[in-house]
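Chains as they are written, first to last, in my numbering: chain A, 20 to 128; chain B, 20 to 128. Structure record follows, encoded as structure tokens.
Protein chains: 2
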Amino acid sequence: MNVDTALPALAALAHPTRLEAFRLLVRHEPEGLSTGELVDASGLTQSTFSTHLAVLAKAGLVKSEKLGRQQIQRADIDTLRGLMLFLAKDCCQGRAELCEPLLAELSCC
Amino acid sequence: MNVDTALPALAALAHPTRLEAFRLLVRHEPEGLSTGELVDASGLTQSTFSTHLAVLAKAGLVKSEKLGRQQIQRADIDTLRGLMLFLAKDCCQGRAELCEPLLAELSCC
DNA sequence: GAAACACATCGGATAATTCCGATGCATGAA
DNA sequence: TTCATGCATCGGAATTATCCGATGTGTTTC
Chain A
20 MNVDTALPAL AALAHPTRLE AFRLLVRHEP EGLSTGELVD ASGLTQSTFS
70 THLAVLAKAG LVKSEKLGRQ QIQRADIDTL RGLMLFLAKD CCQGRAELCE
120 PLLAELSCC
Chain B
20 MNVDTALPAL AALAHPTRLE AFRLLVRHEP EGLSTGELVD ASGLTQSTFS
70 THLAVLAKAG LVKSEKLGRQ QIQRADIDTL RGLMLFLAKD CCQGRAELCE
120 PLLAELSCC
């Protein structure tokens, strides 16, 4: 993950519909959800949501898989992790004191 | 950090100029940089960059302080940490296996 | 084959971003 | 006081994002 890959990922998440859809997919890992279920959850038109999904997919945050005539969407945790590492990298370089509190809170996992 | 605070933060970072400026400020913690220095680094007009800086400030990612007639800008690491925790929260809830690799890589700090 | 279904894509209208020059408003220097 | 400096804000033009209905494509069912 670098600036060129982080920017589309940030832009993809910087929209209420897409952020909510992505979080929903993360909570439904690893089974995923069909596009139709996501459309229903969004409350938007099918065509509108489809373009949102395309933005998430292009950013690498969502991968899809065909299952019969529906499309199963799944969150790509590796990309999310890459984005978080990219954001953390700057403050971690030689300045551990800045990221220690983050590690402490993440240790809940 | 919740959806309402994460969305402006994501949108603020989802722009090449603002992302670069924020990363520059993180690397210059805790001294900070003046607005003029950031303008020079951006290559944009002073007025254009000022509006970008206002977006970062409104999202809580940058705090400023007056020093004579210049304005010292500093990255707010707490907000960055809050954003990362918000993104990580979903995948950590009851599914530690998803976040363990993140912790492993972050342990470089 | 025909119809129904799930989803993607196109066309176009509206709204929001982005960018700049010009101007305003403080602060420090002469 | 007068002038220069550093920065914020205003007004407006160009670009981009967002949203929807309509249509196209592939898949299952009858």
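Glycine is no exception: its CB is placed at the ideal position from the N, C-alpha and C atoms. Everything numeric in this text was worked out from a predicted model, so none of it was measured.
{"Item": "Sufficient close CB pairs (3 or more, under 8 angstroms) joining the stretch 60-75 of chain B to the stretch 72-79 of chain A", "Value": "no"}
{"Item": "Chain-ordered chain A contacts of R42/B [CB-CB under 7 angstroms]", "Value": "D109"}
{"Item": "CB-CB length for C111/B against I96/A, believed under 8 angstroms", "Value": "The pair is not a contact, with the Cβ atoms about 11 angstroms apart (cut-off 8 angstroms)."}
{"Item": "Within the stretch 53-98 of chain A, ranges of the beta strand (DSSP E) (whole runs, at least 3 residues)", "Value": "81-86 and 89-94"}
{"Item": "L80/B at chain A interface by Cβ criterion, 8 angstroms", "Value": "no"}
{"Item": "Cβ separation of L44/A and R93/A, assumed to be a contact under 8 angstroms, to the nearest whole Å", "Value": "6 angstroms"}
{"Item": "Short CB-CB distance (under 8 angstroms) between M20/B and chain A", "Value": "no"}
{"Item": "Expected contact under 8 angstroms - CB spacing of L102/A and F41/A to nearest Å", "Value": "With a Cβ gap of about 11 angstroms, L102/A and F41/A do not count as contacting."}
{"Item": "Three-state secondary structure (DSSP) of R114/B", "Value": "coil"}
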